[in-house]
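Note that full-length UniProt numbering has the sequence shown beginning at 1, numbered continuously upward. Don't be surprised by glycine CBs; every beta carbon is placed ideally from N, CA and C. Bear in mind that the values here come from a model prediction, so they are computed numbers and not experimental data. Here is the structure we will look at, set down as structure tokens.
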Amino acid sequence: MGLPVICVDKANVLSRYVFWRKICQKIHEQEFVDVALFFLYVDSANALLFTPEKLRGVIACGNAHGDILSDGAAEAMGSLGMMCSSAINPDTNAAMFESGAGTAPLLARQDKANPIGRILTAAMMLRHIGAENGAQAIEFAVNKVLLQGFRTFDIASNSDDPKKILGTKAMGEKIFCFL
């Protein structure tokens, strides 16, 4: 038995989410009876994101709630710039991969955007197509750079060595050196 599935909604306010819960329940009963299923309102799920020992599992929710929860989760782990994302069609295995940071227009042409989420998204994509060695190589390179204390502006702390705070291009190049 793996991680539980947590269906997130706002069924206490919007009646359409009662239908969502019925769909989650039906899929659970037909295909995943051996996996635990829980229901949470989106505001409760959001609060529990910051107490990880209480919210552990696979979250199933609509796009709007998923967008908000994933941004909160990314910030809880350090930065939106560290987040990678995928949408995979379970019937066709067609997939779309993207970093979770969006376009960050306020950082355009300033060499301050964190490229790590985009780089880790490439690893996620490689793993999806069966290129496990490539995925592991990328993850190793990212981990090596972070373990050496290199940071981008968004994940740096006051105690970090200022010489190890890198811009977008330098961080990408540093990671590339370990590939």
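Asked, Found
"Buried versus exposed, by CB contacts within 10 Å (16 or more), serine 79", "buried"
"Integer-rounded CB distance, given that phenylalanine 32 should sit under 8 Å from valine 8", "Their Cβ separation, rounded to whole angstroms, is 16 Å, which puts valine 8 and phenylalanine 32 out of contact at 8 Å."
"Distance between arginine 118 and isoleucine 175 (C-alpha atoms, nearest Å)", "12 Å"
"Contained alpha helix (DSSP H) runs [length at least 4] in the region 116–160, N- to C-terminal order", "116–128, 132–147"
"Cysteine 84 burial status per 10 Å Cβ neighbour count (16 or more: buried)", "buried"
"Environment of isoleucine 138 [buried if 16+ CB atoms lie within 10 Å]", "buried"
"Contact under 7 Å by Cβ, lysine 163 with phenylalanine 150", "no"
"Residue from Gly172, Asn63, Phe153, Glu98 whose Cα sits closest to the Cα of asparagine 143", "Gly172"
"Residues that alanine 87 bridges to, as DSSP identifies them", "Met96"
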